[in-house]
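Colleague:
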Amino acid sequence: MAKIKIKFPDGSVKEYEKGISIIKVAEGLGKRLSEDAIAAKLNNELVDLNTKLNKDSNLKIITFKDDEGKEVFRHSSAHLMAQAVKNLFPKAKFAIGPAVEEGFYYDIDYEKSFTPEDFVKIEREMDKIVKENLSIERTELTKKEALKLFKDNPYKTELIKELKDEKISIYKQGNFIDFCRGPHVPSTGKLKAFKLTKIAGAYWKGDAKNKQLQRLYGISFPDKKQLKDYLKLLEEAEKRDHRKLGKELDLFSVHDEGPGFPFFHPKGTVIINILKDFWRKEHAKAGYTEVITPIILNRNLWEQSGHWDHYKENMYFTKIDDQDYAIKPMNCPGGILIYKTRLRSYRELPMRMGEMGTVHRHELSGVLAGLFRVRCFTQDDAHIYMTEEQIKNEIIGVLNLTDHFYKTFGFDYKVELSTKPDNAMGSDESWEKATSSLKAALDAKKIKYKINEGEGAFYGPKIDFHLKDCLGRTWQCGTIQLDFAMPEKFNLTYEGKDGKKHRPIMIHRVIYGSIERFLGILIEHYAGKFPLWLSPVQAIILNINDSHINYGEELKKKLAENNIRVETDFRAETMPKKVREAQLKKIPLILTVGDKEIKNKTVAVRTLDGKVYFNIKPEDLIKKMQEIIDRKSSEIKF
RNA sequence: GCCUCGGUGGCUUAGUGGCUAUAGCGGCGGACUUGUAAUCCGCAGGUCGGGGGUUCGACUCCCCUCCGAGGCUCCA
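Oh and the first sequence: position 483 is 482 in numbering that gives the first Met the number 0, straight run, nothing missing.
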C-alpha cells in the first residue's frame, strides 16, 4: 500500500496509508479531537470528514470552536430541520437553508403557516433523527441527473439551472436528500442541542416580486450546556431591552400619534443633554465650530444635492407658499450653504463645522424599533472641508476623538474600511489617494481594520466603527466618509496659495451616530445602571421618620447647590420599601438620614450593589461624588 | 411595504360565545413613625386598540384599519 504524508497546523508531519479517511486520521490524533471534529480543511479547502486522502496534503481538523466549524454545524442543523419538516409535512418544498450569524434557517414553501405547536413537533422529530444517528453522505451527480432528482421542486431546479458547474453535489441522510455544496458533519448524531427560535416571511431570492416563503429559524450547539448558556444570554439581553427599561426608568416613550418619533421624558432628556454637553466640550477642544441649519429647505437645494432624485422615498415633503420644500434627511447640504456664503481661502482649511442636526427619514413601518430605528433623530454631525494633503491628519484627528468617546463609555470597537464600489464617481486616481490616506491614518494609529472591498459609498471611501457592548453584541455607530461628490455638485472652491480656485474634499463624520440610538445602546450596555455622571438622578434622600425631614431637606439643598441631581422620598413608608423602590429606579446612591445622622451631622450611603457606608460627612460625600463624576467612572466606592 | 405573532385600567396580567370583565403593582384616602429590596385596611380607575359584520347575546367568531414585536438574498 502506498503511503502519503500529511502535514498538520502545528507543523508536524505524519505518514498514512493512501485512501485513509480524515475521520480515521482524527481518531489517531486523539479521542477528544475526533469527537469534536465537525469538518476539515484540506489544502485550505473545507471538506467532509469522510473525505479520503490520496496525496500528500496539509490538513486541519475543524471543530465548533472555529467559525467555519460553527457554520458547517449550523448548516447541517438546517438540513436536520428540513428532514424533520419533510417527515411531518411531506408536501413542503424547500428553497435555501444556510447557516447565519445567529444559527440557521430554512426557507420553506408550504400551503399552511407553521405554528408554535408545529415547532414542538418538528423539534421532537429532529430529536428522533439525531437519535437514529444517520450518516450524512455526499454524492456527485451530473446536472441532468440532479434536475431529474429535484424535478418536483421549482426552487432547487432554478438553483441547479443557474449553476455553471456540470458536477453537482447532493447530501443524503436517511430518506432525505438535499442539493448542497457542503460540507456537513458526518452524521446526525453530532447535532445534539438545538432549538427552533422564530418564524418569519422571506421572499424567494429576497425579491418582493417573488413568492413569499416561510423562514424557519433555529440555533444549535454541540452540547446542551452551550445551548443553555446561549438561551440565558438571550434572556439577559431581553432584560436589558431599552424599550422595556426606557419605560420602567421613565426615560422616553413612543406613541401611536407618532410612530418612529420618540418622546424624551425629563430623565431621558437629562442624559441626552449630558451627551450633547460632552460632545460640545470635546469638539471645541478638537478645533470644531458648531452651526445650526434649518429643518425645512427648498426643493432646489435637494435637487442640487441629488437627494431629490436618489433619496426621495425616504424624505418628507411640505409646501410653503405653493413651493415644494423637503424636511432634511441629512445635514450636509445645509452646512454647505454656510461654506458658500463667501470665498474661502486655503488658510481657513481644514475647516471643521459640527452640527447637532435633527433629521427626518421615512423608514418603512416594519423596520422601526425602539430608539434603534426611528424616523426622526439627531446626528452628531460634522463636516470637514480640506485639501487632499490634509486627509491623513484630519482622519487621525477624527480617529483620536472617536476613540476617546468610546473609551469613555467603556466600549470596545472594531473598525472597517470600505473601498471603491462599481458605481463610483470621481477618478481612479483620487480614489486611490483617498483610500491610501485612510489606510495611512489607520496604520499610523495602529488600528486593526477589516477591508470591505467595493462597499464604499459612490461618493467616497469610508471608515465604520462597530461598538461592542458588554454582552458582546455589536452596533454600528460612528462613520467617517470621504466625499468627492458634494463639493463637485455644489461647486465648492477655495483659493490656493497660487491665487487659483481649487476644489476642497469633504469629510462627513459622526461619532454617536444618532444620539437617540446611542442612548438606546447605553441603556442596554449599562442595563439601566448608568454611571454617576450620566445618571438622571444621582442620589435620593430617605428619612426614617417624620422628625428627620428637616435635616433631609438641608442635605438636599447642599447637594443641589453643588449641581448634584438629587431627589427625596419622605413618605411615611417603611425603610425597606423606600430602599427597594430607589433600587428599582437604579439610583446610584441612596442617602439615609435618621437620629444617628442628625446627631453626628453625617449621612448613611448605600450603593446599588447593596453596600452601606455609615458616618459619611456631607462635604466628603459631595467631594467624592464630584470626583467620580469628573472621572466619568462607573465605579462607586467609599 | 410584505410575512408571522400580538394589543384587556398607568404597568404586568386572568378570561376561546352567556350574570355587572380578573388579580397584583402603581395612584388616592386612612392607620402605622418604621435603620437599608415590598406594613395593614379601604377607595377610585376599563367604550377589552379603532371601525364594521355575524348572533337573542361578542373581550371571545369574521372583515377592514391603526399600533407593537420578530423577520424579509449573509450563496444549493
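No residue lacks a Cβ here, since even glycine has one placed at the ideal position from N, Cα and C. Computed from a predicted structure; not experimentally measured.
Just to confirm before moving on: does the CB-CB distance between ILE218 and THR196 stay below 7 Å?
Modeller: Position 219 of the first sequence, counting from 1, holds the residue named residue 218. Position 197 of the first sequence, counting from 1, holds the residue named residue 196. Their beta carbons are under 7 Å apart, which means ILE218 touches THR196 by this criterion.
Colleague: Mind checking who GLU136 pairs with in its DSSP beta bridge?
Modeller: For this step, residue 136 is matched to residue 137 along the first sequence. BP columns for GLU136 point to LYS171.
Colleague: For GLY459 versus PRO420, is the C-beta spacing smaller than 7 Å?
Modeller: For the purposes of this step, residue 459 is taken as the residue at position 460 of the first sequence. For the purposes of this step, residue 420 is taken as the residue at position 421 of the first sequence. No, these two residues do not count as a Cβ contact at 7 Å.
Colleague: Return the residue from the list GLU136, MET80, GLY609, ASP106 that minimises the CA-CA distance to ASP126.
Modeller: Residue mapping note: residue 126 aligns to position 127 of the first sequence, counting from 1. Out of GLU136, MET80, GLY609, ASP106, MET80 has the C-alpha closest to the C-alpha of ASP126.
Colleague: Identify which residue in ARG242, SER76, LEU215 has its Cα closest to the Cα of GLN172.
Modeller: Sequence index remark: in the first sequence, residue 172 carries index 173 (1-based). Closest by alpha carbon: SER76.
Colleague: Quick check: the region 476 to 489 against the region 235 to 245, are at least 3 beta-carbon pairs closer than 8 Å?
Modeller: Flag = no, the region 235 to 245 and the region 476 to 489 do not touch.
Colleague: Apart from the five residues just before and just after TYR405, which ones in its own chain have a Cβ nearer than 6 Å to its Cβ?
Modeller: Locating residue 405 in the first sequence gives position 406, where the first residue counts as 1. Excluding residues within five positions, the ones whose Cβ falls inside 6 Å are TYR412.
Colleague: Quick check: the region 619 to 637 against the region 519 to 531, are at least 3 beta-carbon pairs closer than 8 Å?
Modeller: The region 519 to 531 vs the region 619 to 637: in contact.
Colleague: So which of ILE539, LEU481, LYS6, LEU400 has the shortest CA-CA distance to LYS280?
Modeller: Residue mapping note: residue 280 aligns to position 281 of the first sequence, counting from 1. Cα-wise, what sits closest to LYS280 is LEU400.
Colleague: Could you check whether VAL373 and GLY259 sit closer than 7 Å to each other, using their CB atoms as the reference points?
Modeller: Counting from 1 along the first sequence, the entry for residue 259 is found at position 260. Counting from 1 along the first sequence, the entry for residue 373 is found at position 374. For GLY259 and VAL373, yes; Cβs fall inside 7 Å.
Colleague: So ARG343 and TYR493 are supposed to be a Cβ contact under 8 Å. How far apart are they, rounded?
Modeller: As a first step, residue 343 is located in the first sequence; it is residue number 344 there, counting from the start. As a first step, residue 493 is located in the first sequence; it is residue number 494 there, counting from the start. The Cβ separation is near 4 Å, so the contact holds.
Colleague: Residues in its own chain within less than 6 Å of SER436 by CB, not counting five upstream and five downstream?
Modeller: Stepping through the first sequence from its first residue, residue 436 is reached at position 437. For SER436, where only same-chain residues beyond five positions count, the Cβ hits under 6 Å are ILE390, LYS391.
Colleague: Buried or exposed for GLU638, going by 16 or more other Cβ atoms inside 10 Å?
Modeller: Because the chain here runs from 0 to 637, residue 638 falls outside it and cannot be looked at.
Colleague: According to DSSP, simplified to helix, strand and coil, what is CYS476?
Modeller: Taking the first residue of the first sequence as position 1, residue 476 is located at position 477. Strand, per DSSP.
Colleague: Measure the Cβ-Cβ separation of TYR315 and HIS361 and say whether it is below 7 Å.
Modeller: Against the first sequence, residue 315 aligns to sequence position 316. Against the first sequence, residue 361 aligns to sequence position 362. Contact: yes.
Colleague: Tell me where the alpha helix (DSSP H) around MET666 begins and ends.
Modeller: The chain is shown from 0 up to 637; residue 666 falls before or after that span and cannot be answered.
Colleague: I need the boundaries of the beta strand (DSSP E) containing ALA603, first residue and last residue.
Modeller: Looking up residue 603 in the first sequence gives position 604. Residues 602 to 606.
Colleague: Could you check whether ASN209 and TYR202 sit closer than 7 Å to each other, using their CB atoms as the reference points?
Modeller: The residue labelled residue 202 in the question sits at position 203 within the first sequence. The residue labelled residue 209 in the question sits at position 210 within the first sequence. Against a cut-off of 7 Å, the Cβ pair of ASN209 and TYR202 comes out as a contact.
Colleague: Under the assumption that VAL578 contacts HIS547 (Cβ atoms under 8 Å), give the Cβ distance between them as a whole number of angstroms.
Modeller: Numbered from its first residue, the first sequence carries residue 578 at position 579. Numbered from its first residue, the first sequence carries residue 547 at position 548. Actually they do not touch by this definition, with Cβ atoms about 15 Å apart.
Colleague: Is DSSP giving HIS183 helix, strand or coil here?
Modeller: Position 184 of the first sequence, counted from the first residue, corresponds to residue 183. Residue state, collapsed to three classes: coil.
Colleague: Taking a contact to mean a Cβ-Cβ separation below 7 Å, would you say LEU590 touches ALA538 in this structure?
Modeller: Translated into the one-based positions of the first sequence, residue 590 becomes position 591. Translated into the one-based positions of the first sequence, residue 538 becomes position 539. Contact flag set, yes.
Colleague: Leaving aside the five residues before and after THR473 along the sequence, list all residues of the same chain whose C-beta is less than 8 Å from its C-beta, in chain order.
Modeller: For the purposes of this step, residue 473 is taken as the residue at position 474 of the first sequence. LYS413, HIS465, LEU466, LYS467, listed in sequence order.
Colleague: Under DSSP, the alpha helix (DSSP H) around VAL269 begins and ends at which residues?
Modeller: The sequence position of residue 269 within the first sequence is 270, counting from 1. It spans 265 to 284 - the alpha helix (DSSP H) in which VAL269 sits, taken as one unbroken run.
Colleague: Going by alpha carbons, who is nearest to LEU140 out of GLU124, GLU122, ASP177, ALA38?
Modeller: Here residue 140 corresponds to residue number 141 of the first sequence, with the count starting at 1. If we check each option's Cα against that of LEU140, ASP177 comes out closest.
Colleague: Mapping the DSSP letters down to three states, classify ASN542 as helix, strand or coil.
Modeller: In the first sequence, counting from the first residue as 1, residue 542 sits at position 543. Looking at ASN542 - three-state DSSP - the assignment turns out to be strand.
Colleague: Pick from ILE621, LYS64, LEU87, LYS204: whose alpha carbon is nearest that of PRO153?
Modeller: The residue you call residue 153 lines up with position 154 of the first sequence. It is LYS204.
Colleague: What's the gap between the Cα of ILE22 and the Cα of SER134?
Modeller: Taking the first residue of the first sequence as 1, we reach residue 22 at position 23. Taking the first residue of the first sequence as 1, we reach residue 134 at position 135. Straight-line Cα distance between these residues: approximately 13 Å.
Colleague: Rounded to the nearest angstrom, how far is the Cβ of ALA36 from that of VAL46, given a contact under 8 Å?
Modeller: Numbered from its first residue, the first sequence carries residue 36 at position 37. Numbered from its first residue, the first sequence carries residue 46 at position 47. Between VAL46 and ALA36 the Cβ distance is about 12 Å, and since that is not below 8 Å, they are no contact.
Colleague: Are the beta-carbon atoms of ALA94 and ASP106 separated by less than 7 Å?
Modeller: For the purposes of this step, residue 94 is taken as residue 95 along the first sequence, with counting starting at 1. For the purposes of this step, residue 106 is taken as residue 107 along the first sequence, with counting starting at 1. Result yes, Cβ atoms of ALA94 and ASP106 sit closer than 7 Å.
Colleague: Leaving out five residues on either side along the sequence, give the residues of the same chain with a beta carbon under 6 Å from the beta carbon of LYS447.
Modeller: Translated into positions along the first sequence, residue 447 becomes position 448. Result list for LYS447: empty, nothing under 6 Å.
Colleague: What is the rounded straight-line gap between the Cα of GLU393 and the Cα of ARG502?
Modeller: Stepping through the first sequence from its first residue, residue 393 is reached at position 394. Stepping through the first sequence from its first residue, residue 502 is reached at position 503. GLU393 and ARG502: Cα-Cα distance of roughly 17 Å.
Colleague: Please state whether DSSP places VAL119 in a helix, a strand or coil.
Modeller: Stepping through the first sequence from its first residue, residue 119 is reached at position 120. Helix at VAL119.
Colleague: Inspect the beta-carbon positions of PRO587 and SER534 and report whether they are closer than 7 Å.
Modeller: The residue labelled residue 587 in the question sits at position 588 within the first sequence. The residue labelled residue 534 in the question sits at position 535 within the first sequence. Yes.
Colleague: Tell me, which residues are paired with GLU494 by DSSP?
Modeller: Locating residue 494 in the first sequence gives position 495, counting from the first residue. GLU494 is bridged to SER344, LYS500.
Colleague: Which residues share a DSSP beta bridge with ASP108?
Modeller: Residue numbering aside, residue 108 sits at position 109 when the first sequence is read from its first letter. DSSP output for ASP108 lists LYS92 as bridge partner(s).
Colleague: To the nearest angstrom, report how far apart LEU416 and SER429 are at their CA atoms.
Modeller: On the first sequence, residue 416 is found 417 positions in, with the first residue counted as 1. On the first sequence, residue 429 is found 430 positions in, with the first residue counted as 1. In a straight line, the C-alpha of LEU416 is about 16 Å away from that of SER429.
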